[in-house]
Amino acid sequence: MTQEKGAVWYEHLHTEKHTGARRGRLHTPHGTFETPMFMPVGTQGAVKGVNNKTLKEIGSQFILANTYHLWVRPGDELIAEAGGLHKYMGWDQAILTDSGGFQVFSLADARKLTEEGATFRNHVNGSKMFLSPEVAMRIQNNLGSDVMMQLDEAIPYFESYEYIKDSMQRSLRWADRAQQYHKKTDTQALFGIVQGAGFKGLRTESAQELVKLDLPGYAVGGLSVGESKKEMNRVLDFTMPLLPEDKPRYLMGVAAPDSLIDSVIRGVDMFDCVLPTRVGRKGTLMTRRGRVVIKNSKYKNDFSPIDPDLDYYSKNPIRQEQFGNLAQYDVPGYSPYQNLSRSYLHHLFNANELLGAQIASEHNLRYLLNLMEEMRTAIENDQLLEFRERVLEEYGYNKANARLF
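In UniProt numbering, the protein residues as written are 1 to 405.
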């Protein structure tokens with residue numbers, strides 16, 4: 001099923017016959033990209049420790065940037081003057097910007113929330129700021145992202161029913177205001193965010209009212225914020241069927257391998273999370289054989305490859321089309337994960353060399369991007385359940401007291 005409408009539209013290619021998982025493509029003003037996908041997070045217009053050339057080599061498609069941080073510095077008007085965020089950061093593929101609401105509610109001091117929006121002091125210099133649905137849209141219109149998110153309230157999962165109901169309904173009103181204010185529908189798509197914590201009735205109301213707005217895409221928010229994975233899956237089970245089949249579906253803030261697979265099984269197309277680069281900078285690797293804390297002393301004399309199972313260059317067909325003759329672009333046999341030892345990476349972290357954090361961050365992103373590539377193939381071949389079983393076994397989810405993400 002395909003809907004060609006507006007700046008961003010979803011093309012459905014295949015439904016996995018055992019699970020209903022979706023294989024598709026997302027068409028944007030900056031290219032067409034494969035789903036399900038994982039989006040690296042470039043909070044301040046940069047994915048920490050990883051340059052744009054490397055991001056393309058390892059298979060990145062979308063990048064997520066943060067509205068709040070770019071508004072605080074360098075400022076959305078400066079970025080607009082520079083020609084928009086794509087030009088400013090030198091990224092010619094798709095960008096998704098969040099609304100900034102999560103950062104306002106998690107970072108800013110002295111927040112005051114009203115129907116109009118949130119008044120707060122920013123975390124950099126303490127200056128007074130005001131974020132409303134209209135301001136969030138103005139900032140994102142200036143940034144020029146392909147996908148923009150409505151402003152919503154980021155609340156803890158285990159608040160009271162009444163609080164979550166009031167917040168969800170306010171977010172619905174904010175979605176309507178955002179849609180009315182949106183100025184660039186021909187080049188930018190606005191996604192709504194389904195809220196309601198673990199309450200089926202509230203999630204249903206949120207989804208049904210957002211669908212009435214006929215937005216180009218929909219996100220599920222308020223998950224992966226402290227609830228169990230079983231609880232997250234329960235919410236996805238009753239939420240995802242409420243969303244249109246011909247629109248992209250985005251689960252915010254998820255990167256654990258088991259959660260990625262389980263969420264795709266439930267119909268999710270897009271994911272993002274800071275996890276791979278955040279833990280990478282601290283010396284933790286996500287590998288096919290499980291979690292590796294490379295700073296541990298046992299790796300000092302380990303001369304085996306960082307990750308012998310992981311190729312550096314992505315086989316993403318969209319990347320191959322973009323770069324044309326791969327023989328000229330790729331370096332045969334190059335892979336820092338196979339050509340460098342765990343001992344060396346351990347040494348880099350022990351010596352506080354920045355290269356260590358760079359390699360680990362890049363590696364973790366490549367692991368997840370490769371996982372999504374393999375997942376897309378598994379969906380095409382109707383083998384997603386077998387794929388899930390293999391990943392969980394190899395990664396170590398089936399081991400007692402396994403330390404995972």
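C-beta atoms are modelled at their ideal positions from N, C-alpha and C, and glycine is treated no differently.
Margin query: Classify Y312: buried if its beta carbon has 16 or more other beta carbons within 10 angstroms, exposed otherwise.
Written below: Taking the first residue of the sequence shown as position 1, residue 312 is located at position 312. Looking at its Cβ environment, which holds 16 or more other Cβ atoms inside 10 Å, Y312 is buried.
Start and end of the alpha helix (DSSP H) containing E380? The residue labelled residue 380 in the question sits at position 380 within the sequence shown. Start and end: 354 to 380.
Ignore the nearest five residues each way along the sequence and tell me which others in T185's own chain have a CB closer than 8 Å to its CB. For the purposes of this step, residue 185 is taken as the residue at position 185 of the sequence shown. Taking C-beta separations shorter than 8 Å and ignoring five residues to either side along the sequence, the partners of T185 in its chain run G6, A7, following chain order.
Segment contact, 8 Å Cβ cut-off, at least three pairs: the segment 28 to 36 with the segment 161 to 169: Too few Cβ pairs lie closer than 8 Å, so no.
Rounded C-beta distance between L260 and L365? I'm assuming under 8 Å. In the sequence shown, the residue the question calls residue 260 occupies position 260. In the sequence shown, the residue the question calls residue 365 occupies position 365. Contact doesn't hold; Cβ gap of about 13 Å is too wide.
Review point. When we look at the beta-carbon of T114 and count the other beta-carbons within 10 Å, is it buried (16 or more) or exposed?
Key: Translated into positions along the sequence shown, residue 114 becomes position 114. The residue in question, T114, is exposed, as its Cβ has fewer than 16 Cβ neighbours within 10 Å.
Looking at the structure shown, is P47 part of a helix, part of a strand, or coil, going by DSSP?
-> If you number the sequence shown from 1, residue 47 lands on position 47. The question names Pro, yet the displayed sequence has Val at residue 47. Coil, per DSSP.
Looking at T119 and D98, is the spacing between their C-beta atoms short of 7 Å?
-> In the sequence shown, residue 98 corresponds to position 98, counting from 1. In the sequence shown, residue 119 corresponds to position 119, counting from 1. D98 places its beta carbon 7 Å or farther from that of T119.
Given this structure, state the Cα-to-Cα distance separating G83 from W91, to the nearest angstrom. Here residue 83 refers to the residue found at position 83 of the sequence shown. Here residue 91 refers to the residue found at position 91 of the sequence shown. Inter-residue distance for G83 and W91 is about 12 Å (C-alpha atoms, whole angstroms).
Fill in: Touch test, the segment 333 to 349 against the segment 30 to 49, Cβ-Cβ under 8 Å, three pairs minimum
Verdict: no, contact absent.
_For M148 and P241, I'd like the C-alpha separation in whole angstroms._
In the sequence shown, residue 148 corresponds to position 148, counting from 1. In the sequence shown, residue 241 corresponds to position 241, counting from 1. Between the alpha carbons of M148 and P241 lies a distance of about 23 Å.
Next item on the list: Kindly indicate which three-state DSSP category G217 falls into: helix, strand or coil?
Entry: Counted from its first residue, the sequence shown places residue 217 at position 217. It is a strand residue.
Could you give the distance in angstroms between the alpha-carbon of V124 and the alpha-carbon of V331? Numbered from its first residue, the sequence shown carries residue 124 at position 124. Numbered from its first residue, the sequence shown carries residue 331 at position 331. Cα to Cα, V124 sits roughly 42 Å from V331.
Under the three-state DSSP convention, the category G290 falls into: The count along the sequence shown starts at 1 and reaches residue 290 at position 290. Looking at G290 - three-state DSSP - the assignment turns out to be strand.
Pair every Cβ in the segment 202 to 213 with every Cβ in the segment 231 to 250, then say whether three or more of these pairs are closer than 8 Å. Contact check between the segment 202 to 213 and the segment 231 to 250: three or more CB pairs, one atom from each, fall below 8 Å, which counts as touching.
Item checked: Cβ separation of I294 and F349, assumed to be a contact under 8 Å, to the nearest whole Å -> Position 294 of the sequence shown, counting from 1, holds the residue named residue 294. Position 349 of the sequence shown, counting from 1, holds the residue named residue 349. Yes, they are in contact, since the Cβ atoms of I294 and F349 sit about 6 Å apart, within 8 Å.
Q) When we look at the beta-carbon of E16 and count the other beta-carbons within 10 Å, is it buried (16 or more) or exposed? A) Position 16 of the sequence shown, counted from the first residue, corresponds to residue 16. Counting every other CB atom within 10 Å of its CB across the protein chains shown gives E16 a total of 16 or more, marking it as buried.
Please list, in chain order, all residues of the same chain as R281 whose beta carbon is under 8 Å from its beta carbon, the five residues on each side excluded.
The count along the sequence shown starts at 1 and reaches residue 281 at position 281. So the qualifying residues of the chain are K48, G49, A357, A360, S361.
Label F130 either buried or exposed according to how many other C-beta atoms from any shown protein chain fall within 10 Å of its C-beta, with 16 as the threshold for buried.
For the purposes of this step, residue 130 is taken as the residue at position 130 of the sequence shown. Exposed, by the Cβ-count rule.
Identify the continuous beta strand (DSSP E) that holds I193 and give its terminal residues. Taking the first residue of the sequence shown as 1, we reach residue 193 at position 193. Unbroken beta strand (DSSP E) run through I193: 189 to 194.
Rounded C-alpha distance that separates M286 from R390: On the sequence shown, residue 286 is found 286 positions in, with the first residue counted as 1. On the sequence shown, residue 390 is found 390 positions in, with the first residue counted as 1. Roughly 16 Å between the two C-alpha positions.
Q.
Quick check on the burial criterion: 16 or more other C-beta atoms within 10 angstroms. Buried or exposed for A402?
A. The residue you call residue 402 lines up with position 402 of the sequence shown. With a 10 Å radius around the Cβ and a threshold of 16 neighbouring Cβ atoms, A402 comes out exposed.
| Same chain, Cβ closer than 7 Å to G24, five either side skipped, listed in chain order | Taking the sequence shown and counting its residues from 1, the one referred to as residue 24 is at position 24. Here the set comprises Y10, E11, H12, L13, T35, D269.
field: Spatially closest choice to P216 from L243, Y88, E231, by CA coordinates
entry: In the sequence shown, the residue the question calls residue 216 occupies position 216. Taking the Cα of P216 as reference, the smallest distance to any Cα among L243, Y88, E231 is reached at L243.
Q. What residue range is occupied by the uninterrupted beta strand (DSSP E) comprising E11?
A. For the purposes of this step, residue 11 is taken as residue 11 along the sequence shown, with counting starting at 1. Note, E11: beta strand (DSSP E), 9 to 15.
Practice task
For F158, count neighbouring Cβ atoms within 10 angstroms of its own Cβ and tell me buried if that reaches 16, exposed if not.
Solution key: Residue numbering aside, residue 158 sits at position 158 when the sequence shown is read from its first letter. Flag for F158 reads exposed.
Review point. Looking only at its own chain, which residues have a Cβ that is under 7 Å from the Cβ of M1, when we skip the five neighbours before and after it?
Key: Position 1 of the sequence shown, counted from the first residue, corresponds to residue 1. With a pLDDT of 43 at M1, under the threshold of 50, the modelled position of this residue cannot be trusted, and the question is left open.
* To do: Mark P317 as exposed unless 16 or more other C-beta atoms lie within 10 angstroms of its C-beta, in which case mark it buried.
  => Within the sequence shown, numbered from 1, the residue matching residue 317 stands at position 317. In summary, P317 is exposed, with fewer than 16 beta-carbon neighbours lying within 10 Å of its beta-carbon over all protein chains present.
| CA-CA distance, K300 and H363? | For the purposes of this step, residue 300 is taken as the residue at position 300 of the sequence shown. For the purposes of this step, residue 363 is taken as the residue at position 363 of the sequence shown. The alpha-carbon atoms of K300 and H363 are separated by roughly 19 Å.
ask   = Could you check where the alpha helix (DSSP H) with E34 kicks off and where it finishes?
value = Your numbering for residue 34 matches position 34 in the sequence shown. Membership of E34 in any alpha helix (DSSP H) is not indicated; the residue belongs instead to the beta strand (DSSP E) covering 31 to 35.
request  = Starting from the C-beta of V211, find all residues in its chain whose C-beta is less than 8 Å away, skip the five residues before and the five after it, and write them out in chain order.
outcome  = Walking along the sequence shown from the start, residue 211 turns up at place 211. Closer than 8 Å at Cβ, skipping near neighbours: Y218, L242, L243, P244.
| said: What does the alpha-carbon distance come out to for the pair E209 and E116? | reply: Within the sequence shown, residue 209 is the residue found at index 209, counting from 1. Within the sequence shown, residue 116 is the residue found at index 116, counting from 1. Between E209 and E116, the alpha-carbon positions lie close to 20 Å from each other.
(Q) At the level of alpha carbons, what is the spacing between T54 and K165? (A) Counting from 1 along the sequence shown, the entry for residue 54 is found at position 54. Counting from 1 along the sequence shown, the entry for residue 165 is found at position 165. Near 43 Å, if we compare the C-alpha coordinates of K165 and T54.
**Item:** Cα-Cα separation between N122 and A136, rounded to whole angstroms
**Value:** As a working note, residue 122 is residue 122 in the sequence shown. As a working note, residue 136 is residue 136 in the sequence shown. Straight-line spacing of the CA atoms in N122 and A136 works out to 15 Å.
>> For H160 and P305, I'd like the C-alpha separation in whole angstroms.
In response: Here residue 160 corresponds to residue number 160 of the sequence shown, with the count starting at 1. Here residue 305 corresponds to residue number 305 of the sequence shown, with the count starting at 1. The question names His, yet the displayed sequence has Ser at residue 160. Taken atom to atom, the span from the alpha-carbon of S160 to that of P305 is near 49 Å.
> Just checking my contact of G267 with R22 at CB under 8 Å: how many whole Å lie between their CB atoms?
Replying inline: What you label residue 267 is simply residue 267 of the sequence shown in a count that begins at 1. What you label residue 22 is simply residue 22 of the sequence shown in a count that begins at 1. Correct: roughly 6 Å between the Cβ atoms.
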